[in-house]
Each structure stands twice: as structure tokens, then as C-alpha cells.
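When the letters of the sequence shown are read in order and numbered with full-length UniProt numbering, they come out as residues 1 to 190.
The structure appears below as C-alpha cells.
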Amino acid sequence: KPAMNTLQERHGISGSLISAVDLLKGLGVCSGLEVPEVEGATGWLDTNYQGKVDVALDALTRQDFALVHVEAPDEAGHQGSATNKVQAIEDFDAKIVAPIVEEMDRRGEPYRLVVTMDHYTPIARRTHEDWPVPMFIYDSSGVDQPAGTGYTEANIIAAAEQSGLCLDSGAAFFSRFVTPDASKYGERCG
């Protein structure tokens, strides 16, 4: 087993990683996360979205966070299929994000939600790219958030340029995200 500190050791938090991808499951185990099996989780458009949601919501009753990974947008990028990529993103929004937000709102406890990706897989190139990735952060406590802007590439680019905030790595973002001061997600880009 690789020698690495768990998230409990580094940040004092517990969580689950829900994914169909063995590599990510292994990273979850090495990070000290629960890595539950979800029957029917395939890594494609036919994955068991409801099963992933159910497992994540259960984890959130006893842990600090749940990371839900959906592989279908990446696989559609490798195929070069715009149709499948759009379907995968729409399914993620409707079948993962919406039900989790609805249930968390129903529970009435404050929560934060991040929607992002681990890397780009543009359909024109059909391979991974190491470009900076966009992220959407929602805080149910009502921290000032811009209203009326959609999660589009144009809006994300404009917001990034306006804020000038960036992070060098996903690990840097995660470290800041789990700190009590949620306003400190990034640093000014130099």
C-alpha cells in the first residue's frame, strides 16, 4: 500500500468516494475513504445514477463528505461523441446533482456542493488535456453568490478572468474547501 496520509490525518474529516473507476477507488482506499460498491455502476451512460445518489446521501448521514464520480463524460470525450457527451453531462445534472441538492435542502442542514471535473477530454482531441478546469461551488448558507448566471464555459471563463482566482492543483482546492473559511477557495493568479 502506498505511504500517504489519510484525509482524516490531514484534515480531520471522513468521507466516501463513489465511482465505477478502479483507479479512483484505489485512491479512495489509500486516502482512508469508504469506497462502497454500487450495483450497476458502469462508468457509462447506463450507470446506476440512483444507486450512486442513495449511497452518497447515506454516507452524508455519518460522514463529512461524499465524492460522487461519473465517468461517462470522459468516455464520451474519448469516443469523440458530442451527442453522448451532452447526454452524459445532462444526466449528471438531472440524476446526480438535482436529487442530492433536493434531499440536502429537505434535510435543512447547511452544506456545500462542488461540481467540477478531474480533467478535460475534448471530443475534438479524444484524449486528456491538463488545462485548468472550471468548478461550480454552492453554499446553502446563502453566502453571496451571483444570481442569474448559468454554468457555461463562457460564464466560467468570464468569472475566472474577473476574479483572477486560481489554484495550482485539485489537492490545493480541496484543502481550502474543507477549511471553515469557505471564501478562500483560490489565490490571485500571478
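We put the beta carbon where it would ideally sit given N, CA and C, even for glycine.
- Taking a cut-off of 8 Å for Cβ pairs, the segment 99 to 111 and the segment 51 to 63 touch, as three or more such pairs fall below it.
- Beta-bridge partners assigned by DSSP to L17: L67.
- Around the beta carbon of T116, fewer than 16 other beta carbons lie within 10 angstroms, which makes this residue exposed.
- Per DSSP, the unbroken beta strand (DSSP E) holding Y138 starts and ends at M135 to D139.
- Buried is the label assigned to T121, since at least 16 other Cβ atoms lie within 10 Å of its Cβ.
- Between I18 and V70, the gap from beta carbon to beta carbon reaches 7 Å or more.
- D130 and A82 have their C-alpha atoms some 20 Å from each other.
- Taking V29 as the centre and dropping the five residues before and after it, the same chain places the C-beta of V35 closer than 7 Å to its C-beta, in chain order.
- With contacts defined as CB atoms closer than 7 Å, A88 and A76 qualify as a contacting pair.
- Proximity to S169 across P134, Y138, G142 and S163 peaks at P134, based on C-alpha coordinates.
- Closest in C-alpha terms to T127, from the list F173, Q79 and V86, comes Q79.
- Comparing C-alpha distances from V114 to each of S31, L33 and F65 shows the shortest one belongs to F65.
- Looking at A171, E9 and D91, the one whose alpha-carbon comes closest to that of D46 is D91.
- In the three-state DSSP reduction, T116 falls in the strand class (E or B).
- Membership of A94 in any alpha helix (DSSP H) is not indicated, and neither H nor E is assigned to it by DSSP.
- Distance from the CA of N5 to the CA of A72, rounded to the nearest whole angstrom, comes to 30 Å.
- The DSSP-derived three-state label of E103 is helix.
- Counted as a single uninterrupted DSSP element, the alpha helix (DSSP H) harbouring A72 occupies residues A72 to Q79.
- Apart from sequence neighbours up to five positions away, the residues of its chain that approach V38 with a beta-carbon distance below 7 Å are I18, N48, G51, K52 and V55, ordered along the chain.
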